[in-house]
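Peer 1: Residue numbering for the sequence shown follows the working numbering, beginning at 461 and increasing consecutively.
Idealized CB from N, CA, C, for every residue including glycine.
Remember, it's a predicted structure, so these values are computed and weren't measured experimentally.
Dumping the structure here so I can ask a few things about it.
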Amino acid sequence: LFGTPLLSGVIRRHRPMAASLTGHLAGGQVELPPQPNFLRLSDRVTTVLGLNPSSYSLRGTNTYLVGTGPRRILVDTGEARTAEAYLENLATAMAAVGCTGLEQIVCTHWHE
Numbered sequence: 461l462f463g464t465p466l467l468s469g470v471i472r473r474h475r476p477m478a479a480s481l482t483g484h485l486a487g488g489q490v491e492l493p494p495q496p497n498f499l500r501l502s503d504r505v506t507t508v509l510g511l512n513p514s515s516y517s518l519r520g521t522n523t524y525l526v527g528t529g530p531r532r533i534l535v536d537t538g539e540a541r542t543a544e545a546y547l548e549n550l551a552t553a554m555a556a557v558g559c560t561g562l563e564q565i566v567c568t569h570w571h572e
């Protein structure tokens, strides 16, 4: 799959981006500001940290609970290697905003 010309080009173009994201952290010279595990951005949107830190996601992927009722839409989901911690974080965020279930899950990208 990654041998296809289209995907190979995408991967080659994004490798320099990873280097630039980690370059400013070289030698521990710069520390990222703290980021809460979840934060209500508005009456309709709560961001939930994916708890999957990396050179691309920094402290972790931002996922979002969207909507106002007891069932919300989840936009993005973190990744498998941190699923247990993320699901605990998601459950805490859902309870804090009065969300009892998910209506839909929308994935905008994938993780390994």
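Buried or exposed: residue 524, going by 16 or more other Cβ atoms within 10 Å of its Cβ?
Peer 2: So residue 524 ends up on the buried side.
Peer 1: Less than 9 Å separating the beta-carbons of residue 560 and residue 510?
Peer 2: no
Peer 1: Check residue 550 in the structure and name its three-state DSSP category.
Peer 2: Three-state result, residue 550: helix.
Peer 1: Count the other C-beta atoms from every protein chain shown that fall within 10 angstroms of the C-beta of residue 566, then say buried if there are 16 or more, exposed otherwise.
Peer 2: exposed
Peer 1: With DSSP run on the structure shown, which of helix, strand or coil describes residue 528?
Peer 2: coil
Peer 1: For residue 465, does the three-state DSSP call read helix, strand or coil?
Peer 2: Per-residue confidence for residue 465 stands at a pLDDT of 47, beneath the threshold of 50, marking its modelled position as unreliable; the derived number appears in the next sentence. Helix, per DSSP.
Peer 1: DSSP three-state label for residue 519, please.
Peer 2: coil
Peer 1: My understanding is that residue 504 touches residue 513, with C-beta atoms under 8 Å, so please give their C-beta distance in whole angstroms.
Peer 2: The Cβ separation is near 27 Å, so there is no contact.
Peer 1: Return the bridge partner residues of residue 537 from the DSSP annotation.
Peer 2: None, per the DSSP bridge assignment.
Peer 1: State the DSSP-derived secondary structure class of residue 544, mapped to helix, strand or coil.
Peer 2: helix
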